[in-house]
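Colleague: Structure below; questions to follow.
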Amino acid sequence: MTARQLLQHRLANQQLIHPAFTTAPELVKWCGAIQAQDYEMSKWAVGMRLPESNSQDIEKCIAAGELIRTHVLRPTWHLVHPADIRWMLLLSGPYIEQAMGTYNRKLELDEKVFRKSNKVLEKALKGGRELTRTALAAALQEANIPTNDLRMNFLLIKAELDMVICNGGKQDKHITYALFDERVPATPSIPREEALANLALRYFNSHGPATLKDFAGWSGLPVTAARQGLQLIKDQLLVDTVAGLEYYHPSSSPEKNNTREVLLLPNYDEYLVAYKDREVMLNGQHPGLESRDGNPLFSNIILVRGAVAGTWKRTIKKKEIVMDMYPSTPLNKTLQSGLEKEITRFRQFMRLE
Numbered sequence: 001m002t003a004r005q006l007l008q009h010r011l012a013n014q015q016l017i018h019p020a021f022t023t024a025p026e027l028v029k030w031c032g033a034i035q036a037q038d039y040e041m042s043k044w045a046v047g048m049r050l051p052e053s054n055s056q057d058i059e060k061c062i063a064a065g066e067l068i069r070t071h072v073l074r075p076t077w078h079l080v081h082p083a084d085i086r087w088m089l090l091l092s093g094p095y096i097e098q099a100m101g102t103y104n105r106k107l108e109l110d111e112k113v114f115r116k117s118n119k120v121l122e123k124a125l126k127g128g129r130e131l132t133r134t135a136l137a138a139a140l141q142e143a144n145i146p147t148n149d150l151r152m153n154f155l156l157i158k159a160e161l162d163m164v165i166c167n168g169g170k171q172d173k174h175i176t177y178a179l180f181d182e183r184v185p186a187t188p189s190i191p192r193e194e195a196l197a198n199l200a201l202r203y204f205n206s207h208g209p210a211t212l213k214d215f216a217g218w219s220g221l222p223v224t225a226a227r228q229g230l231q232l233i234k235d236q237l238l239v240d241t242v243a244g245l246e247y248y249h250p251s252s253s254p255e256k257n258n259t260r261e262v263l264l265l266p267n268y269d270e271y272l273v274a275y276k277d278r279e280v281m282l283n284g285q286h287p288g289l290e291s292r293d294g295n296p297l298f299s300n301i302i303l304v305r306g307a308v309a310g311t312w313k314r315t316i317k318k319k320e321i322v323m324d325m326y327p328s329t330p331l332n333k334t335l336q337s338g339l340e341k342e343i344t345r346f347r348q349f350m351r352l353e
């Protein structure tokens, strides 16, 4: 497999060319999870993989609980299918809590504080109430639980990991929280080994070709646990070697014709953040786009034939969104035409055209 073929496979498996799904829950279930700390742009991350969708469609899915937005995996904000969130949290939660231990000790947060804060949050949200972070902070402070410094962040994340809260719908422009059990249907628990296999198969089917290191980074699992998950489903995957590294991917091959040579990816898109080694996408030509010692790319990215080819940004005004393009090299007429089509597509998604 060549580097170009690798990128073509990823584009297809990530549903960026020839998308196979028609609804947001189906797509997110296929991907396992879609990173979502930039709330507005995470809707584009879903929508650009769904033909004919728009921002309001994705918003309705989140508001109705058909997609759950919470902290899981590495951890960061993700959109997850409600049928998957419980077993994913049970699998990744202990590793997240272990990583949070140092911060919790510095902030004087222990199990006693967390039990109390969880009860306060549960009482405030009970009965289908959806409240903003500000309202929840006020409820905690009233119960003599300080929310200064970073304490509020860690109180909320702990409640998410304990499956007490998750995001609700939006009120005006404000993101809310809701009770987890009132939004997420009960699902049977599954053994840890089955959860590892589920997560590994979901990742390599939707993100492959990828390495074991990529899977460990995306899932937040220790390499030993990630390797165990890969071993459990290895017989369902193909493996190819590229530049001395083993890449695992599903057996199906992508269609050769790609009519979408240019794509406008949002920041934190799965196509970029789901891999530890991004050299094949950057091609060594864009070191300035890498941020903070190799952390994920934080910019909105212009993608050409699967490789990073510049950045873009949108400025939201009262009645329009101004879009500025910054290609790293001049685009020929064909690629420029493709770029213009993607700009139109984004505007249509936002219901501006």
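Each residue of the sequence shown is one higher than the one before, counting from 1 in the numbering used here. Yeah, the Cβ is synthetic: ideal placement off N, Cα and C, and Gly gets one too.
#1: Leaving out the 5 sequence neighbours to the left and right, which residues in its chain are closer than 7 Å to Thr241 when beta-carbon positions are compared?
#2: Below 8 Å on the Cβ atoms is my guess for Ile190 versus Trp87; work out the distance and round it to an integer in Å.
#3: One question on the structure: do Glu142 and Gly168 come within less than 8 Å of each other, judged by their Cβ atoms?
#4: What is the rounded straight-line gap between the Cα of Met325 and the Cα of Tyr271?
#5: Between the alpha carbons of Lys333 and Leu339, how many angstroms are there, rounded?
#6: Are the beta-carbon atoms of Leu11 and Pro209 separated by less than 8 Å?
#7: Can you tell me where the alpha helix (DSSP H) with Ala45 in it begins and where it stops?
#8: Whole angstroms are fine: how far does the CA of Gln236 sit from the CA of Phe204?
#9: With Gly169 as the anchor, note down where its beta strand (DSSP E) starts and where it stops.
#10: Go to Thr147, then tell me how far its alpha helix (DSSP H) extends in each direction, as first and last residue.
#11: Starting from Glu142, trace the alpha helix (DSSP H) in both directions and tell me its first and last residue.
#12: When DSSP builds the beta bridges, which residues end up paired with Gly310?
#13: Near Ala135, what residues of its chain come up, given a Cβ to Cβ distance below 8 Å and the 5 sequence neighbours on each side ignored?
#14: So for Leu221, helix, strand or coil by DSSP?
#15: For Ile35, list the residues DSSP reports as bridge partners.
#16: Identify, in the order they occur along the chain, each residue of the same chain with its Cβ nearer than 8 Å to the Cβ of Thr176, setting aside the five sequence neighbours on each side.
#17: Pick out whichever of Glu108, Phe349, Pro25 has its Cα sitting closest to the Cα of Asp149.
#18: Under a three-way DSSP split, which group does Glu108 fall into?
#19: Please report the residue range of the beta strand (DSSP E) in which Ala243 lies.
#20: Of all the options Lys173, Asp181, Lys106, which has the alpha carbon lying nearest to the alpha carbon of Ile85?
#21: Quick check: Asn144 and Phe349, are their CB atoms within less than 8 Å of each other?
#22: Sort Leu303, Ala226, Lys116, Leu67 by Cα distance to Glu261 and report the nearest one.
#23: Going by the beta-carbon positions, is the gap between Leu91 and Leu196 smaller than 8 Å?
#24: Figure out for me which residue from Arg314, Asn267, Thr187 has the closest Cα to the Cα of Phe301.
Modeller: Well, looking at it:
#1: Mapped onto the sequence shown, residue 241 falls at position 241. Answer for Thr241: no residue qualifies.
#2: Counting from 1 along the sequence shown, the entry for residue 190 is found at position 190. Counting from 1 along the sequence shown, the entry for residue 87 is found at position 87. About 5 Å separates the two Cβ atoms, so the contact holds.
#3: Within the sequence shown, the letter at position 142 stands for residue 142. Within the sequence shown, the letter at position 168 stands for residue 168. It is not a contact, given that the beta carbons lie outside the stated cut-off.
#4: Position 325 of the sequence shown, counted from the first residue, corresponds to residue 325. Position 271 of the sequence shown, counted from the first residue, corresponds to residue 271. One C-alpha to the other measures close to 19 Å.
#5: If you number the sequence shown from 1, residue 333 lands on position 333. If you number the sequence shown from 1, residue 339 lands on position 339. C-alpha separation (whole angstroms): 10 Å.
#6: Residue 11 sits at position 11 when you count from the first residue of the sequence shown. Residue 209 sits at position 209 when you count from the first residue of the sequence shown. No, Cβ-Cβ distance for Leu11 and Pro209 is not below 8 Å.
#7: Numbered from its first residue, the sequence shown carries residue 45 at position 45. Run containing Ala45: 39-47, per the alpha helix (DSSP H) assignment.
#8: By one-based count along the sequence shown, residue 204 stands at place 204. By one-based count along the sequence shown, residue 236 stands at place 236. If I take the Cα positions, the gap works out to 10 Å.
#9: Looking up residue 169 in the sequence shown gives position 169. Note, Gly169: beta strand (DSSP E), 165-171.
#10: For the purposes of this step, residue 147 is taken as the residue at position 147 of the sequence shown. No alpha helix (DSSP H) contains Thr147, which DSSP labels as neither H nor E.
#11: Taking the sequence shown and counting its residues from 1, the one referred to as residue 142 is at position 142. 133-142 is the extent of the alpha helix (DSSP H) around Glu142.
#12: Start at 1 with the first residue of the sequence shown, and residue 310 comes out as number 310. The partner list for Gly310 (beta bridge, DSSP) reads Pro327.
#13: In the sequence shown, the residue the question calls residue 135 occupies position 135. Residues of the same chain with a CB within less than 8 Å of the CB of Ala135, apart from the 5 flanking positions on each side, are Ala124 in chain order.
#14: Residue 221 sits at position 221 when you count from the first residue of the sequence shown. The answer is coil: DSSP assigns Leu221 none of H, G, I, E or B.
#15: Working through the sequence shown from its first residue, we reach residue 35 at position 35. Note on identity: in this sequence residue 35 is Gln, with Ile being the wrong assignment. In the DSSP output, where bridge partners are listed per residue, Gln35 has His78.
#16: Residue 176 sits at position 176 when you count from the first residue of the sequence shown. Closer than 8 Å at the Cβ level, and outside the excluded window around Thr176, lie Glu130, Leu131, Thr132, Asn167, Gly168, Gly169, Lys170.
#17: Here residue 149 corresponds to residue number 149 of the sequence shown, with the count starting at 1. Among Glu108, Phe349, Pro25, the Cα nearest to that of Asp149 is on Glu108.
#18: Indexing the sequence shown from 1 puts residue 108 at position 108. The answer is coil: DSSP assigns Glu108 none of H, G, I, E or B.
#19: As a first step, residue 243 must be located in the sequence shown, where it is residue number 243. Looking at the DSSP string, Ala243 is not in any beta strand (DSSP E), and its letter there is neither H nor E.
#20: Indexing the sequence shown from 1 puts residue 85 at position 85. Comparing Cα-Cα distances from Ile85 to each of Lys173, Asp181, Lys106, the minimum goes to Asp181.
#21: As a working mapping, residue 144 is identified with position 144 in the sequence shown. As a working mapping, residue 349 is identified with position 349 in the sequence shown. No, the pair does not count as a contact, with Cβ atoms beyond the cut-off.
#22: Taking the first residue of the sequence shown as 1, we reach residue 261 at position 261. Closest option to Glu261, judged by alpha-carbon separation, among Leu303, Ala226, Lys116, Leu67: Leu303.
#23: Your numbering for residue 91 matches position 91 in the sequence shown. Your numbering for residue 196 matches position 196 in the sequence shown. Against a cut-off of 8 Å, the Cβ pair of Leu196 and Leu91 comes out as a contact.
#24: Looking up residue 301 in the sequence shown gives position 301. The identity of residue 301 in the sequence shown is Ile, whereas the question assumes Phe. The residue from Arg314, Asn267, Thr187 with its alpha-carbon nearest to that of Ile301 is Asn267.
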